[in-house]
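Input: a single structure, listed below in structure tokens.
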Amino acid sequence: MSDDLFAEQLLQSIDFLQKKFLILPINNNTQVAVFGGSHWSLLILSIQDKILYHFDSMSLSNDRTAKEMHKKFQAFFHDNINLINTRCPQQKNAFDCGLYVIVIVEEFKRFIYENCILKKFDDQKLDKDLFEKFINEISQCMTSESVNQRRKQLKAILESMRTDRKK
């Protein structure tokens, strides 16, 4: 089975067209059967709006991978999907990309809950203005210090899980 066919079957199995968003961490590894890659970034597809937002904490390091995924989504939808490389907080080292992806996903989940679910925007499209509001929010609240703090929290969680497992 080809990777594209597998991906299509996976997406259909979760009935993703009925969802508002598809959140997809991407890696620059071009050989999917082999572990590797050196950089993670994040794609968020607004399914109703047909906009693919790319968040890259190292400028456009994953631009090629994002463009490849963009082409695959256009082929899947048989329609034009806009790709937007968004402003994104930038990491100050060469190893925090995965952590930035985690924090952006957490912030997006919180933002959607506060701005769409609580305010009953469920039936509306998430327009560019609301997405711009999210981008502005993470630009202000996500700093290298806040990401480092999240690293410490995640490390503590993992260590407690390891301790619990030994009992």
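Add 7 to the 1-based position in the sequence shown for my numbering, that's all there is to it.
For glycine and all other residues, C-beta sits at the position ideal for the given N, C-alpha and C.
The structure presented is a predicted model; accordingly, all values stated were derived computationally and were not measured.
Per-residue burial, residue i [other beta carbons within 10 Å of its own, 16 or more giving buried]
i, result
"residue 87", "exposed"
"residue 80", "buried"
"residue 164", "exposed"
"residue 168", "exposed"
"residue 8", "Note that residue 8 has pLDDT 41, beneath the 50 cutoff, so the model's placement of it is unreliable and the number below is only indicative. The residue in question, residue 8, is exposed, as its Cβ has fewer than 16 Cβ neighbours within 10 Å."
"residue 24", "exposed"
"residue 61", "buried"
Beta bridge counterpart(s) of residue i as assigned by DSSP
i, result
"residue 61", "50, 92"
"residue 28", "53"
"residue 33", "48"
Cβ-Cβ distance between residue i and residue j below 9 Å
i, j, result
"residue 122", "residue 71", "no"
"residue 73", "residue 90", "yes"
"residue 12", "residue 76", "no"
- [ ] State whether the region 14 to 22 contacts the region 48 to 60, with contact taken as three or more CB pairs (one from each stretch) at a distance under 8 Å.
- [x] no
Open item on the list: Does the structure place the region 135 to 151 close enough to the region 89 to 105 that three or more beta carbon pairs sit under 8 Å?
Closed with: yes
Task: Ranges of the alpha helix (DSSP H) found wholly within the region 94 to 166, counting only runs of at least 4 - done: If we require 4 residues or more, the alpha helix (DSSP H) runs fully inside the region 94 to 166 come out as 104 to 119, 135 to 148.
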